[in-house]
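Using the working numbering, the first residue of the sequence shown is number 5, and each one after it goes up by one. Here the structure comes first, spelled out in structure tokens, and everything after it is commentary.
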Amino acid sequence: MPEPTWQQAVEAIAPYVIRISTPEHAGTGVLFAFGAQGGILGFATAAHVLAHAHLWQQPIRIEHGESGWGRLVKFDERALVFDEDTDTAALVLLRDEAPLPTRLLTLTPEQMIIRVGVEIGWVGFPGVSAARDQLCFFSGRISAWLESRHAYLVDGVAINGVSGGPAFFLGPDGQPVLLGVMSAYLPNKSAGAPLPGLSLVAHIGQLEKVVRDLEALDKSAEGTTSRPSAE
5 MPEPTWQQAV
15 EAIAPYVIRI
25 STPEHAGTGV
35 LFAFGAQGGI
45 LGFATAAHVL
55 AHAHLWQQPI
65 RIEHGESGWG
75 RLVKFDERAL
85 VFDEDTDTAA
95 LVLLRDEAPL
105 PTRLLTLTPE
115 QMIIRVGVEI
125 GWVGFPGVSA
135 ARDQLCFFSG
145 RISAWLESRH
155 AYLVDGVAIN
165 GVSGGPAFFL
175 GPDGQPVLLG
185 VMSAYLPNKS
195 AGAPLPGLSL
205 VAHIGQLEKV
215 VRDLEALDKS
225 AEGTTSRPSA
235 E
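Structure, rendered in structure tokens:
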């Protein structure tokens, strides 16, 4: 049986990834939860990507790079769940006609910590003109686990626009297993000028409650869905 490859994993995760734009910020998100038999979608991202737009009740534009589909999501058309301490957030909205997958990625449980030295990958839409619409792949190895922040330090690069993008490792079947979302790049400033540093990946387990809440909608839904609350 051939060894799983990063190329295959990127092809598998690409349909789940969206570009997020607000009047102040741009980032990346990933579909990670369903509710109401798939009629409600939950996207994981970094809290700092959406915090300003949510505070000022501004619209959020999402774009699906795989299909070219896009949508402007107004304040009363969405719900947001924030954990600013871990820089994680979930954007919840109705599916409507979004051409997104009907099956979910495998998530890393909150209690599972991946070992130091394991290679992981992440994808996102870098905020540079040549790559604005290109889903780009990055990789590196886990350098440390930060228990206080429930996040990983990773030996790899992250730039503006990639924040909120999915970080993942290769499962036994070669499929991507969602590990977390890219939070920040921490340059080494000990010598004055910034030197290569480490990236910070927030554990996806922080958003397990969102998954449980949306799954609960499946048990209570009776064939109709209501628009998620913006509160």
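In this text, a Cβ means the ideal position worked out from N, Cα and C, and glycines have one as well. Keep in mind it's a predicted model, so treat the numbers as computed, not measured.
Cβ-based burial, residue i [other Cβ within 10 Å; buried from 16]
i, result
"Ser187", "buried"
"Arg216", "exposed"
"Ile103", "Ile is not the amino acid found at residue 103; the sequence shown has Pro there. It counts as exposed."
"Gly121", "exposed"
"Leu97", "buried"
"Gly165", "buried"
"Val21", "buried"
Residue i and residue j closer than 8 Å at C-beta
i, j, result
"Thr90", "His56", "no"
"Gly33", "Gly168", "yes"
"Asp137", "Gly69", "yes"
"Leu218", "Ile44", "yes"
"Ser147", "Leu139", "no"
"Gly201", "Leu190", "yes"
Residues that residue i bridges to, as DSSP identifies them
i, result
"Ala83", "Val96"
"Ala148", "Leu157"
"Thr26", "Answer by DSSP bridge pairing: none, since Thr26 is not bridged."
"Val34", "Val21 and Ala48"
"Glu114", "In DSSP, Glu114 forms no bridge with anything."
"Gly74", "Glu67"
"Phe141", "Val127"
Backbone CA spacing between residue i and residue j [nearest angstrom]
i, j, result
"His29", "Leu54", "8 Å"
"His52", "Ser203", "15 Å"
"Phe79", "Leu59", "10 Å"
"Phe36", "Gly144", "22 Å"
"Ile163", "Phe173", "20 Å"
"Ile17", "Ile208", "15 Å"
"Asp159", "Arg99", "36 Å"
"Trp10", "Asn192", "28 Å"
"Val214", "Arg107", "17 Å"
"Arg82", "Leu76", "11 Å"
"Thr110", "Asp177", "12 Å"
"Gln12", "Val205", "22 Å"
"Pro19", "Ala171", "15 Å"
"Val161", "Arg153", "19 Å"
- Item | the segment 86-101 in contact with the segment 170-183 per 3-pair CB rule at 8 Å | no
- Query: Using 8 Å as the threshold, is the segment 52-67 in touch with the segment 106-122, meaning 3 or more CB pairs across them?
  - Reply: no
- With contact counted as at least three CB pairs below 8 Å, one residue from each stretch, are the segment 122-141 and the segment 93-112 in contact? Fewer than three Cβ pairs drawn from the segment 122-141 and the segment 93-112 lie within less than 8 Å of each other, which leaves the two stretches out of contact.
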